[in-house]
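Residues in the sequence shown are numbered consecutively from 456, following my numbering. Glycine included, every Cβ here is placed at the ideal spot set by N, Cα and C. Note that the structure is a prediction, hence the values are computed from the model and not measured. I have placed the structure first, in the form of structure tokens, so that the comments after it can refer back to it.
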Amino acid sequence: MSFLLRSYKKGVSRFPYIAQGVQASILMATGDAIAQIGVEKKTKFDFQRSSHFLLIGFFGGLGLRKWYGVLQSRFTSPNKTANTLKKVAVDQLFFAPAFIGALVGSVGLLQGQNPNDITKKLKREFPDILLANYKLWPAVQLLNFYFVPLNYQVVLVQVVAVLWNTYVSFKTNEVTTVVAESHS
456 MSFLLRSYKK GVSRFPYIAQ GVQASILMAT GDAIAQIGVE KKTKFDFQRS
506 SHFLLIGFFG GLGLRKWYGV LQSRFTSPNK TANTLKKVAV DQLFFAPAFI
556 GALVGSVGLL QGQNPNDITK KLKREFPDIL LANYKLWPAV QLLNFYFVPL
606 NYQVVLVQVV AVLWNTYVSF KTNEVTTVVA ESHS
């Protein structure tokens, strides 16, 4: 086990963006698998759907690592508490809505939806997902930005995000499932 931990630390230090992308992709696909098996109780696992979350997770992990680096470089006063509060505020007011919009839009694109359907999907799903975001992520990010070193912030977020991704996967596929079943 210590070999794996040492290897992980070395990989995150040497290749932070790739490591963050890979771990985020695995954890996003895990969230989708949990949604399919545990929440939706699907009888047939949709590997294509999970592969979409795998792909989105990779690029999302890269984006999160870059974003956390930007926050780290922008808030550098000696007051750690003030820096943390500012990071959380900026993260939740600006990044979270954009990230959620990109996520819902990406899921729609990968499902083959046209721009009009994606716009309707965003209008329908975005408010619920953003509200759920505000119930979970500010507290997580307070702990993350205050206690966790930059190279490990994405992994902490992605571990918590397994539950979050389960919710997002379920939410973004909820209407698709209902529509698909009504056409059967």
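For residue i, is the classification buried or exposed, using 16 other Cβ atoms within 10 angstroms of its Cβ as the cut-off for buried?
i	result
residue 525	exposed
residue 461	exposed
residue 614	exposed
residue 584	buried
residue 622	buried
residue 684	Nothing in the structure corresponds to residue 684, since the chain is present only between 456 and 639.
residue 632	Reliability of the predicted coordinates at residue 632 is poor, the pLDDT of 44 falling under 50, and no value is obtained from them.
residue 576	buried
residue 620	buried
residue 476	buried
residue 493	exposed
residue 618	exposed
residue 508	buried
residue 516	buried
residue 482	buried
residue 474	buried
residue 537	exposed
Following the continuous alpha helix (DSSP H) through residue i, name the residue where it begins and the one where it ends.
i	result
residue 499	Here residue 499 belongs to no alpha helix (DSSP H), and DSSP marks it neither H nor E.
residue 474	471-489
residue 596	570-602
residue 563	551-565
residue 538	535-545
I'd like to check one pair, residue j with residue i: are the Cβ atoms closer than 7 angstroms?
i	j	result
residue 520	residue 609	yes
residue 518	residue 480	no
residue 624	residue 490	yes
residue 543	residue 627	no
residue 549	residue 522	no
residue 467	residue 599	no
residue 506	residue 487	no
residue 539	residue 601	yes
residue 593	residue 547	yes
residue 603	residue 611	yes
residue 560	residue 573	yes
In this structure, how does DSSP classify residue i when only helix, strand and coil are distinguished?
i	result
residue 518	helix
residue 528	helix
residue 633	Per-residue confidence for residue 633 stands at a pLDDT of 41, beneath the threshold of 50, marking its modelled position as unreliable; the derived number appears in the next sentence. Helix, per DSSP.
residue 638	Residue placement at residue 638 cannot be trusted, given a pLDDT of 37 that sits under 50; the coordinates are not used to answer.
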